[in-house]
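So the structure is just underneath, and the comments pick up after that.
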Amino acid sequence: MNLDTLDQAFEALKTYDWGADGSALQPLDEAVVATRADAAARQALEKRLAETLTTGISRDAKDVVCRLLMVIGTAASVPALASLLADAELAHMARYALERIPAPEAAAAMRAALPQLSGLLRVGVIGSLGVRRDVESVPALAALLDDPDPAVACAAAVALGAIRTPDAAAALAGSSVSHAEVRRATTDASLACAESLLAGGQRAEALAIYRRFAGEDQPKHVKLAATRGILACAGQSQ
Amino acid sequence: MVIRVSLSCMLCLISAGADLSRPHVDDAADSELVQMVVTLLHDTDKDIRALGLEQVRTATKGPSATQQFAAELPKLPGEAQVALLSALADRGDAAARPAIIDLLATRPDEPVTRAALAALGFLGEPADAAVLLHWLRDGAPAVQEAARASLVRLPGDAVSALLGAELDQAPAALQVILLEVLTARRALNTLPQLLPLAVAADASVRGAAMAALGQLAGPEHIPGLLQGVLAAEPGRERETAEKAVLSVCSRIADANRRAEPVLAAMQELSDAQRLNVLPALGRVGGPAALQAIEAAIGQAQHDVHDAGIRALCNWPDASIAPRLLELATQDPHPDHQIKALRALIRVAVVADERTDDERLGLLRAALEVCTRDSERNLVLQRAQAIRTPDTLRFLLPFLDQPACAQQACQSVVELAHHRALREAHKAEFDQALDKVIQISGDATLIDRAQRYKKNQTWVRERP
Amino acid sequence: MGSHLRPTRRQFLQTAGAAVAVPYVITSSALGQNGVPPASDRIVMGGIGIGNMGNGDQDAFLSRPDVQYVAVCDVRAGVREAAKGKVDKRYNNTDCQAYNDFRELLSRPDIDAVHVATPDHWHAIMVIEACRQGKDVYCQKPETRTLREGPLMVEAARRYARVVSGGSQRVLDDYRGIVDKCWGGVLGAIKSINVNVGPLSQPCNLPAEPVPPDMDWDMWLGPAPWAPYNSKRCDGNYGTSGNSWRSYVDYSGGGMTDWGAHHFGGATFAVDVREQQPEEVIYHEHQGQPYLSFRYPDGLLIHHNRPHSENLAVEVLPGEERPAKPVPSYKGTGGIYGDFLECVKTRERPFRDIELAVNTVMISHLGIIAYTLQRSLKWDASKQEFPDDAEANRFLDRARREPWQL
Numbered sequence: 005m006n007l008d009t010l011d012q013a014f015e016a017l018k019t020y021d022w023g024a025d026g027s028a029l030q031p032l033d034e035a036v037v038a039t040r041a042d043a044a045a046r047q048a049l050e051k052r053l054a055e056t057l058t059t060g061i062s063r064d065a066k067d068v069v070c071r072l073l074m075v076i077g078t079a080a081s082v083p084a085l086a087s088l089l090a091d092a093e094l095a096h097m098a099r100y101a102l103e104r105i106p107a108p109e110a111a112a113a114m115r116a117a118l119p120q121l122s123g124l125l126r127v128g129v130i131g132s133l134g135v136r137r138d139v140e141s142v143p144a145l146a147a148l149l150d151d152p153d154p155a156v157a158c159a160a161a162v163a164l165g166a167i168r169t170p171d172a173a174a175a176l177a178g179s180s181v182s183h184a185e186v187r188r189a190t191t192d193a194s195l196a197c198a199e200s201l202l203a204g205g206q207r208a209e210a211l212a213i214y215r216r217f218a219g220e221d222q223p224k225h226v227k228l229a230a231t232r233g234i235l236a237c238a239g240q241s242q
Numbered sequence: 146m147v148i149r150v151s152l153s154c155m156l157c158l159i160s161a162g163a164d165l166s167r168p169h170v171d172d173a174a175d176s177e178l179v180q181m182v183v184t185l186l187h188d189t190d191k192d193i194r195a196l197g198l199e200q201v202r203t204a205t206k207g208p209s210a211t212q213q214f215a216a217e218l219p220k221l222p223g224e225a226q227v228a229l230l231s232a233l234a235d236r237g238d239a240a241a242r243p244a245i246i247d248l249l250a251t252r253p254d255e256p257v258t259r260a261a262l263a264a265l266g267f268l269g270e271p272a273d274a275a276v277l278l279h280w281l282r283d284g285a286p287a288v289q290e291a292a293r294a295s296l297v298r299l300p301g302d303a304v305s306a307l308l309g310a311e312l313d314q315a316p317a318a319l320q321v322i323l324l325e326v327l328t329a330r331r332a333l334n335t336l337p338q339l340l341p342l343a344v345a346a347d348a349s350v351r352g353a354a355m356a357a358l359g360q361l362a363g364p365e366h367i368p369g370l371l372q373g374v375l376a377a378e379p380g381r382e383r384e385t386a387e388k389a390v391l392s393v394c395s396r397i398a399d400a401n402r403r404a405e406p407v408l409a410a411m412q413e414l415s416d417a418q419r420l421n422v423l424p425a426l427g428r429v430g431g432p433a434a435l436q437a438i439e440a441a442i443g444q445a446q447h448d449v450h451d452a453g454i455r456a457l458c459n460w461p462d463a464s465i466a467p468r469l470l471e472l473a474t475q476d477p478h479p480d481h482q483i484k485a486l487r488a489l490i491r492v493a494v495v496a497d498e499r500t501d502d503e504r505l506g507l508l509r510a511a512l513e514v515c516t517r518d519s520e521r522n523l524v525l526q527r528a529q530a531i532r533t534p535d536t537l538r539f540l541l542p543f544l545d546q547p548a549c550a551q552q553a554c555q556s557v558v559e560l561a562h563h564r565a566l567r568e569a570h571k572a573e574f575d576q577a578l579d580k581v582i583q584i585s586g587d588a589t590l591i592d593r594a595q596r597y598k599k600n601q602t603w604v605r606e607r608p
Numbered sequence: 279m280g281s282h283l284r285p286t287r288r289q290f291l292q293t294a295g296a297a298v299a300v301p302y303v304i305t306s307s308a309l310g311q312n313g314v315p316p317a318s319d320r321i322v323m324g325g326i327g328i329g330n331m332g333n334g335d336q337d338a339f340l341s342r343p344d345v346q347y348v349a350v351c352d353v354r355a356g357v358r359e360a361a362k363g364k365v366d367k368r369y370n371n372t373d374c375q376a377y378n379d380f381r382e383l384l385s386r387p388d389i390d391a392v393h394v395a396t397p398d399h400w401h402a403i404m405v406i407e408a409c410r411q412g413k414d415v416y417c418q419k420p421e422t423r424t425l426r427e428g429p430l431m432v433e434a435a436r437r438y439a440r441v442v443s444g445g446s447q448r449v450l451d452d453y454r455g456i457v458d459k460c461w462g463g464v465l466g467a468i469k470s471i472n473v474n475v476g477p478l479s480q481p482c483n484l485p486a487e488p489v490p491p492d493m494d495w496d497m498w499l500g501p502a503p504w505a506p507y508n509s510k511r512c513d514g515n516y517g518t519s520g521n522s523w524r525s526y527v528d529y530s531g532g533g534m535t536d537w538g539a540h541h542f543g544g545a546t547f548a549v550d551v552r553e554q555q556p557e558e559v560i561y562h563e564h565q566g567q568p569y570l571s572f573r574y575p576d577g578l579l580i581h582h583n584r585p586h587s588e589n590l591a592v593e594v595l596p597g598e599e600r601p602a603k604p605v606p607s608y609k610g611t612g613g614i615y616g617d618f619l620e621c622v623k624t625r626e627r628p629f630r631d632i633e634l635a636v637n638t639v640m641i642s643h644l645g646i647i648a649y650t651l652q653r654s655l656k657w658d659a660s661k662q663e664f665p666d667d668a669e670a671n672r673f674l675d676r677a678r679r680e681p682w683q684l
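In the order they appear, the protein sequences are chains A, B and C. Residue numbering for the first sequence follows the numbering used here, beginning at 5 and increasing consecutively. Residue numbering for the second sequence follows the numbering used here, beginning at 146 and increasing consecutively. Residue numbering for the third sequence follows the numbering used here, beginning at 279 and increasing consecutively.
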C-alpha cells in the first residue's frame, strides 16, 4: 500500500462530488484489499474513513466512504455511521454499512435510534434490523405493529417476518390490525413464521397459524398458502 | 365457492383426524395426508388441484400412497387425469404403473393417452416397450411423439433389443424413427442391426442409419460405414455419410492415428471404391491420410488426381494451407485451382491455435490469388469469423467495390453483431455501419446496422 | 415491502392513474370471437417496465390470443403512454390503464399475471410483491441483484403457489447444440464446462442533469442508493461497458449477470446442474489474469473465463459413459412466453422456473464476490451463506433505500 497515494485519495475525497474523476479514489479500494492481512493498517484505514463522515465532505464522498465501511467496518465505525441515521440524505448509506457490519454494536445502534426516528427514516432502520434477523429487536418491532403510521407498521411486520422466530410469530399473532395494507404485510410475515416454525419442528404452532389464514375472509392466494401449509404440517408427521 | 368447499373439507379432515400437533404413527399420518391429497385432486379448481399435485410429486413417499393416488385416475375427468399422470411421472414411483396400463386399456381420449404414454417412460418396465411400440406404429402424430419420447426414456437393454429387432420388419418411415430412438438411447448393443441399414435401398433409411452410426459406432465398424459412403448418392447424402465417418474417427484420442481404420478398411476395397472413399479420408486428416492423398494427386490419371484434390479440399484444418495455395496457382486443371482456392479460404479461418492475425493473413494470401469475384466474396464472407478490428479494416475498402460491396456489408454487420468488439471500437464501427446503411440493398441488414449504432440488440430468426 | 401506502410522486399518478378510479372490468369488446377464447378464459396480464426488453415482452404477450392485456406501468410517462397506445390499438379500444407505481397495478384483483422488465435492482421487490398479491410472474433476467434476493423470490412463489418464470429464452434456444450432445450421452461423462462472459459492473459517478419532466426519478432509483439523474445512468441500451444502467453496480452486475444469466444458464442446463448450487468458487490467476472455477457437489466444474477456452467448451472424463436422457423443453407453444402461459393454465412449473433462474444468476453473484475479494470462497447452499467467512457474507445483500424492503 502506497501511503502517499492513499493520502492523495483522502485529499481528493474532500472535493469529490458527482461528476468528479472516480479514479482519484481508486487507492481507497486498493487499500481495502491491501490491508486484508494487516489488522493494524486495516484499523487505521477504517478509523480514517469513519472520521471523514463527521467532516463537511459532500454527500457523494460520504456515499463512497459508507460503501467502503460496508466492506471493512467494525464496531469502531458504528458511532460515526449511527450519527447519520437521522439525516434524510445520508441515512440510507449509513445503513448500507450498518446493515452488513457483523458487529452486534451495529444492530444495537440501530435499535437505539428507532425511538428517535419517524417516517421513512424509521422505516429504513426497521428494514435493516429485519435483514439482520435481529432477535433483540422483536419487542420493539412488535410494539410498532399498530403504529399510527401504516408504513411503519408494514415495515415492522415485514421485519418480523424476516426474523421469523417463535417470538416474532407470537407478536404477529397478537396484532389486530384493521388497515388492509398492514394486514397483508402481517399475513405474509405470519406465513413466513409458520414455515420457520414447521422447519423447526413446532408443528402445532405452525398449524395454528395456517388455520387462521384458511378462513373465508382471506384472499384466494392466501387460502392457497394456508392449505399448502396445512398439507406440509400433515406431511411432517410422517 | 370451490375453494371454500375444498378448504372446509381439508379442515374437516384435519379436525376429524389425528392431532397433527403431536408426532404420529406413520400409517395414520400417511392415511390422513393421502386423503387430503385425494380430496384436492378431485377439486374442479385447478389452483386447488395443483396443491394436491404438488404433494403427489414431492411428498407422502411410498408405494402405498402412490397406489392410492393412481387409483384415482379412472375417477377423474380428462384434464385432471392428464395433470395427475404428469405428477405421477414426476413422483417416479413405479407403483403407479399398473393403474396407467389399465387406463390405457380403456382407450382414453388423445390427451390422456399421450400423458399416460409419457408417464410410462418414467414408470414403465422394459415389457412396456411393446405397448409404446404399438402406439408408435398406429397412434395419431401427437401420440406417436409421446410414445417415441418414452421409448427414448424407458431404461433397459431389452428395450433396445426389441427396437433393434423391429428394425428388420418395419417400413422405411418407422425404421427412420427407430434409428433416431436407438441413437438417442445410445443403444450400442444394436449396432449389428444398424450396420446393414447403411446400405438400405431407401435413402432416408440410409441417412438415418449413417447418422446413428456416426454417433454410436467405433473404429471397428469403419468398414461398414465406408460401405454406407459408397451406397450414398453423390452430393448431400454422400457428404453427410462422409461426416459420419469423420465423427467416428474423431473419437480416437490420438489425432495422428484417426485415419488408420479408414486406411485399413480401404485395403479391402476395389480401386474404384477406394477413389470414391478418398474424400472421406480427407475429412479425417492426419499424416497417413495426407500421404495417401498426395499419392493420388501425383497421379497423371485424371479421375485419381481429381479424387486426391477433392480429398485434400476436405481437409479439417489449416495445416495444408501452403499446399492448397500452391495448387490454387499451379495445378494444371483450372477447376482444381478453384477447388483448392475455395478450400484454402475455408480452412483459413478454422478455429485452432493460430492467432487472429495469422488467420487473417491467410485470408489475405487467398485474396491475392483470387481471379473471380465469387471467390473474393467468399473471402469476405469467411472473414466475419475473425472478430477483430483488423478484420473490419480489411473489409472497409470492399464497401467501395460494387462487385463485393454487398458481401462486405453483410460481413461488417456480422462483425458489429458482437457487442464487445463493437463497443470497444465504436467510432470505427459507426462509420462502417453508416456506409452500410448508405449502400446496402438489404432492408434487414440496414435495420441491423441502425440497431447496432444505437447499441440495440437484434435477434436472429431461427430456421 | 414496507410502505405500500407511500406511493412516490403523486403528481405523476394524477396523470397516469386516472386509471385508479376506473372499474376493473373486461369490456364487451374483449368477448371472444372467431375462435379466440372469450375474455373470461384468457389470462389477464399487465406489464411493469416497458423499455427495451419490456417492449419485446409486451409484444410477445400482446400477440397471444389467450392473453387479455389490460395494464402497463413505467416511471417514464412517454414510455407508458406509448405502451398503452399499443395495447389500445391491438384491441381497438382505450381500456388499457397506465400506471407510474407498480403497486397500484399489482393491487388490481382482475390481473392474473404480470411481466417484469425493469432494471435488475427492482426485480426481487416486484416479483415478491406480485406473489403476495396472488399474481403469476414472468420476470426478465437477470432475476436478482443480490444473493439474498433469490431464495426470498423462490419462497414467495412457493408460498402462494404462484407460477414464476425467469426470462432467458437463450438457455434453451441458443445452446441446443451442446445441450443435446451432453444430454444425449454423446460426449460421455463431463468434467467441466467453460463460460466466457463479462465484464463486472462499475461504480457510477456521472454528474447531475435536469430530471426530464415526464420521469419519476425517485421511483426509477427505488431501492438503489440515491444519485442525481443522468441520462446515461438510466439508459436502457444493452451495453455493459458504460453509459447504461447495465454497466453500473447499483442496478446491475454488468455483463457478468446480464449475459451470465444466458451463458451460465446454458452451461448449467448442458451439464445438468440447474437444480444445484456450487459449493466452492476457486479463484485462479493465469499470467496475471484472474479466472474462476465453480465446483459442484459431484465434482463437476464450471469455469469462468478460463484462458484459451471457448465459451461452453466441455471437458469430458475419458472412458466414462453418461446415460442418454431426453432434453426438457418448453410446454405449450410459443417459446418461453408460451411455456409461461401454459403453466399459468396448468399450474405446473415453467421451463425457467424461478428456482432454476435463481440458481443460475447466483453463479454470477458468487463470481463477482470472488473477483472483488480476489480469493476463493466456500458456499453453503443450505444456509445460503459463506461458511465462517464474515468478510464474504457482507456481500450477500445490500441495504435498500427506504421505504423499500424484502
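Note that CB positions come from ideal geometry on N, CA and C, so glycine has one too. Since we're looking at a predicted model, the values are computed, not measured.
Distance between beta carbons of Lys362 of chain C and Asp390 of chain C, contact taken as under 8 Å: As a working mapping, residue 390 of chain C is identified with position 112 in the third sequence. As a working mapping, residue 362 of chain C is identified with position 84 in the third sequence. Actually they do not touch by this definition, with Cβ atoms about 19 Å apart.
Can you tell me where the beta strand (DSSP E) with Val129 of chain A in it begins and where it stops? One-based indexing of the first sequence puts residue 129 of chain A at position 125. Premise fails: Val129 of chain A lies in the alpha helix (DSSP H), 123 to 135, not in any beta strand (DSSP E).
When you compare the CB of Gly266 of chain B with every CB in chain C, is at least one pair closer than 9 Å? Walking along the second sequence from the start, residue 266 of chain B turns up at place 121. The beta-carbon of Gly266 of chain B is placed less than 9 Å from the nearest beta-carbon of chain C.
Roughly how many whole angstroms lie between the Cα atoms of Asp238 of chain B and Glu620 of chain C? Locating residue 238 of chain B in the second sequence gives position 93, where the first residue counts as 1. Locating residue 620 of chain C in the third sequence gives position 342, where the first residue counts as 1. Their backbone Cα atoms lie some 26 Å apart in a straight line.
For the region 161 to 173 of chain A, list every residue whose C-beta sits within 7 Å of some C-beta in chain C, in sequence order. Val162
Determine, for Ser660 of chain C, whether the minimum Cβ-Cβ distance to residues of chain B falls below 9 Å. Working through the third sequence from its first residue, we reach residue 660 of chain C at position 382. So no, Ser660 of chain C is outside the interface.
Hey, is Ala496 of chain B's beta-carbon within less than 9 Å of any beta-carbon in chain C? Taking the second sequence and counting its residues from 1, one reaches residue 496 of chain B at position 351. So yes, Ala496 of chain B belongs to the interface.
Amino acids of chain A, ordered along the chain, whose beta-carbon sits closer than 7 Å to that of Ala486 of chain C: Numbered from 1 along the third sequence, position 208 holds the residue referred to as residue 486 of chain C. Simply Trp22.
Residue(s) in a DSSP beta bridge with Ala349 of chain C: Your numbering for residue 349 of chain C matches position 71 in the third sequence. DSSP, once it has assigned bridges, lists C:Gly324, C:Gln375 as partnering Ala349 of chain C.
Can you give, in chain order, each stretch of the beta strand (DSSP E) that sits fully within the region 637 to 683 of chain C and has at least 3 residues? none
Pair every Cβ in the region 660 to 677 of chain C with every Cβ in the region 583 to 590 of chain C, then say whether three or more of these pairs are closer than 8 Å. The answer is no - the region 583 to 590 of chain C does not touch the region 660 to 677 of chain C, with fewer than three Cβ pairs under 8 Å.
Kindly list, in the order they appear in chain A, the residues whose Cβ is closer than 9 Å to that of Ala439 of chain C. By one-based count along the third sequence, residue 439 of chain C stands at place 161. Neighbours of Ala439 of chain C on chain A, chain order: His225, Leu228, Ala229, Thr231, Arg232.
Can you tell me the Cα-Cα spacing of Pro154 of chain A and Arg71 of chain A, whole angstroms? Here residue 154 of chain A refers to the residue found at position 150 of the first sequence. Here residue 71 of chain A refers to the residue found at position 67 of the first sequence. If you take the alpha carbons of Pro154 of chain A and Arg71 of chain A, they lie about 31 Å apart.
Put Lys603 of chain C into one of helix, strand or coil per three-state DSSP. The residue given as residue 603 of chain C occupies position 325 in the third sequence. DSSP places Lys603 of chain C in coil when its eight states are reduced to three.
Under 9 Å between the Cβ atoms of Val127 of chain A and Ala172 of chain A? Counted from its first residue, the first sequence places residue 127 of chain A at position 123. Counted from its first residue, the first sequence places residue 172 of chain A at position 168. The answer is no: Cβ separation not under 9 Å.
Please state if the CB of Gly462 of chain C and the CB of Ala685 of chain C are separated by a distance shorter than 9 Å. In this structure chain C extends from 279 to 684, so residue 685 of chain C is not present and cannot be described.
Assign Phe572 of chain C to one of three DSSP states: helix, strand, or coil. As a first step, residue 572 of chain C is located in the third sequence; it is residue number 294 there, counting from the start. Of the three classes helix, strand and coil, the one that applies to Phe572 of chain C here is strand, per DSSP.
Does the beta carbon of Gly239 of chain A sit closer than 9 Å to a beta carbon anywhere in chain B? Residue mapping note: residue 239 of chain A aligns to position 235 of the first sequence, counting from 1. Answer yes: the Cβ-Cβ gap between Gly239 of chain A and chain B drops below 9 Å somewhere.
Determine which residues of the region 6 to 36 of chain A have a Cβ less than 7 Å from any Cβ of chain C, and write them out in chain order. Trp22, Gly23, Ala24, Gly26
Whole angstroms is fine: what's the gap from Ile465 of chain B's alpha carbon to Leu541 of chain B's? Locating residue 465 of chain B in the second sequence gives position 320, where the first residue counts as 1. Locating residue 541 of chain B in the second sequence gives position 396, where the first residue counts as 1. One C-alpha to the other measures close to 29 Å.
Three or more C-beta pairs under 8 Å: does that hold for the region 345 to 353 of chain C against the region 363 to 382 of chain C? yes
Excluding sequence positions up to five away, which residues of its chain have a Cβ less than 7 Å from the Cβ of Leu525 of chain B? Locating residue 525 of chain B in the second sequence gives position 380, counting from the first residue. Counting only Cβ-Cβ distances below 7 Å, and skipping sequence neighbours, we find Leu540, Phe543, Cys549, Gln552, Ala553, Ser556.
Cβ of Trp22 of chain A versus every heavy atom of the ligand SAM: is any distance shorter than 8 Å? Inclusion of the ligand SAM in the displayed structure is not the case, the ligand content being empty and no account of it being possible.
Taking all protein chains shown into account, do 16 or more other C-beta atoms lie within 10 angstroms of the C-beta of Pro477 of chain B, making it buried, or fewer, making it exposed? Locating residue 477 of chain B in the second sequence gives position 332, where the first residue counts as 1. Its Cβ having fewer than 16 others within 10 Å, Pro477 of chain B is exposed.
Between Phe339 of chain C and chain A, is there a C-beta pair that is closer than 9 Å? For the purposes of this step, residue 339 of chain C is taken as the residue at position 61 of the third sequence. Answer no: the Cβ-Cβ gap between Phe339 of chain C and chain A never drops below 9 Å.
Residues of chain B with CB under 8 Å from Ala602 of chain C, in chain order? To locate residue 602 of chain C, count along the third sequence from 1; it is residue 324. In chain order: Val297, Ala329, Arg330, Arg331.
Please decide whether Tyr302 of chain C counts as near chain A, where near means a Cβ-Cβ distance under 9 Å. By one-based count along the third sequence, residue 302 of chain C stands at place 24. Bear in mind that a pLDDT of 34 at Tyr302 of chain C, under 50, signals an unreliable position, so the number given afterwards is only what the model happens to contain. Not an interface residue.
Name the chain C residues whose beta carbon is nearer than 9 Å to that of Ser305 of chain B? The residue labelled residue 305 of chain B in the question sits at position 160 within the second sequence. When 9 Å is used as the limit between beta carbons, Ser305 of chain B is near no residue of chain C, the shortest such separation being about 11 Å.
Minimum Cβ-Cβ distance from Leu201 of chain A to chain B less than 9 Å: Position 197 of the first sequence, counted from the first residue, corresponds to residue 201 of chain A. Chain B, which has no Cβ nearer than 9 Å to the Cβ of Leu201 of chain A, makes this no.
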